[in-house]
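Chemist: Take a look at the following structure, please.
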Amino acid sequence: MNKATQEMSTLEQRLSRMPAVAEGDFSTRLALQLARQRLRPRPFYLLAWACALLGVLLTLPAAGLADATAKFFAPISARSELTLHALQQTLNTPVSTVTASPELWLVLALLLVLSLALTLLNALPD
Amino acid sequence: MQGDTRAFGRLVSMHQSAVRGFALRLCHDPALADDLAQEAFLQAYRKLASFQGSGSFASWVLGIAYRCFLQHKRRDKRAGEVLHLLEQRDAELARFYEHISPAQLDLERALHALNPNEAAAISLNMSLGYSHAEVAAIMDMPLGSIKSHISRGMAKLRELLNAEDAS
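Going down the list, the protein sequences come from chains S and G.
Residue numbers for the first sequence follow our numbering, beginning at 7 and rising by one.
Residue numbers for the second sequence follow our numbering, beginning at 1051 and rising by one.
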């Protein structure tokens, strides 16, 4: 084997032994970046939160907010059939009897907290 | 989803050394190499569904890392320049690797003297064991270009290492 060939094979041997890299905090930093990425809004979570918020709006008794929200989502045909008298009656009547039930607020609050906790737990790395 | 994260974590553990070492040979800066490797793994996680399995997962991530480096180089024209003192760089290199012999450190220093394409092609072919065709796919370059980069890079390495041995 001539000198050039010998040098080449030695160099190739050295190149083939790529030194291992010290892991350090690389995996930890990557895991945190992955968690941040997963916490970013996703359509499913946005929809879930929107539904939860809508549920709260529908049962809020304050200033006719529940009535306004229910009327917004009422079918167009139902709205068009309302006479002025019927409209007045509707405005004076609570949208739902559950509006008078304060226990539902607690249930809704618990559902909101649970939804938030599940979102965070799902996003955190193992 | 949690199972996917666990499996992805295992893939990171298996391949982080190769990807980070490859990134270091491209950019010559341990901190930047880690940033590039991190970005490569994050992109791989986001695009996991698009991985078709035509090559290995490692070769796919290495390709992403190479493209991350090119994007960084386009944004920062000074990427690849070694701006700090030789002694400081050697100390950083020694800390970056688990165990590195003086001879291996000389080789890593010599690799830093190559241009990124040569260093990338040699690392992928000689150090990580990919064929010329696989290297061409990872770097998205013609096969002939890859062979040229390897040939020129090896000639430069031989010259540098012989000069070091002689001094």
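Idealized CB from N, CA, C, for every residue including glycine.
#1: Is there at least one Cβ from chain S nearer than 8 Å to I1150 of chain G's Cβ?
#2: Count the other CB atoms within 10 Å of the CB of F1119 of chain G; is the residue buried (16 or more) or exposed (fewer)?
#3: Across which residues does DSSP place Y1147 of chain G in a beta bridge pair?
#4: My understanding is that L40 of chain S touches L1086 of chain G, with C-beta atoms under 8 Å, so please give their C-beta distance in whole angstroms.
#5: Identify whether K1097 of chain G lies in helix, strand or coil by the three-state DSSP scheme.
#6: Can you find a CB in chain G that lies within less than 8 Å of the CB of S33 of chain S?
#7: Looking at the C-beta of T103 of chain S, does it have a partner C-beta in chain G at a distance below 8 Å?
#8: Taking the alpha-carbon of V1069 of chain G as reference, which of G:G1103, G:R1056, G:A1115 and G:K1097 has the nearest alpha-carbon?
#9: Closest Cβ-Cβ distance between S1177 of chain G and chain S: below 8 Å?
#10: Beta carbons nearer than 8 Å to chain S: which residues of the stretch 1074 to 1096 of chain G have them?
#11: Using 8 Å as the threshold, is the C-beta distance between Y1180 of chain G and V27 of chain S below it?
#12: Excluding five sequence neighbours on each side, which residues of the same chain lie with their C-beta closer than 8 Å to the C-beta of D1084 of chain G?
#13: Under the assumption that V1111 of chain G contacts A1099 of chain G (Cβ atoms under 8 Å), give the Cβ distance between them as a whole number of angstroms.
#14: Please list the residues of the stretch 1192 to 1206 of chain G that have a C-beta atom closer than 8 Å to any C-beta atom in chain S, keeping them in chain order.
#15: Grab me the residues of L38 of chain S's own chain with a C-beta within less than 7 Å of its C-beta, minus the 5 sequence neighbours each way, in chain order.
Modeler: Straight from the coordinates:
#1: The beta carbon of I1150 of chain G sits closer than 8 Å to some beta carbon of chain S.
#2: Buried is the call here.
#3: Y1147 of chain G has S:V27 as its beta-bridge partners, per DSSP.
#4: Not a contact, Cβ separation roughly 16 Å.
#5: In the displayed model, K1097 of chain G falls within coil according to three-state DSSP, outside both helix and strand.
#6: Under the Cβ distance rule, S33 of chain S counts among the residues neighbouring chain G, one pair being separated by less than 8 Å.
#7: Note on T103 of chain S: pLDDT 49, under 50, position unreliable in the model; the coordinate value appears next. Under the Cβ criterion of 8 Å, T103 of chain S is not counted among the residues facing chain G.
#8: A check of alpha carbon separations from V1069 of chain G across G:G1103, G:R1056, G:A1115 and G:K1097 identifies G:A1115 as the nearest.
#9: For S1177 of chain G, the answer is yes, since a Cβ of chain S falls inside 8 Å of its Cβ.
#10: Within the stretch 1074 to 1096 of chain G, the qualifying residues are L1074, D1084, A1087, Q1088, F1091, L1092, Y1095 and R1096.
#11: Cβ atoms of Y1180 of chain G and V27 of chain S: not closer than 8 Å.
#12: Around D1084 of chain G: R1070 and A1073.
#13: Contact doesn't hold; Cβ gap of about 15 Å is too wide.
#14: Per Cβ criterion, the list reads M1204.
#15: Result list for L38 of chain S: empty, nothing under 7 Å.
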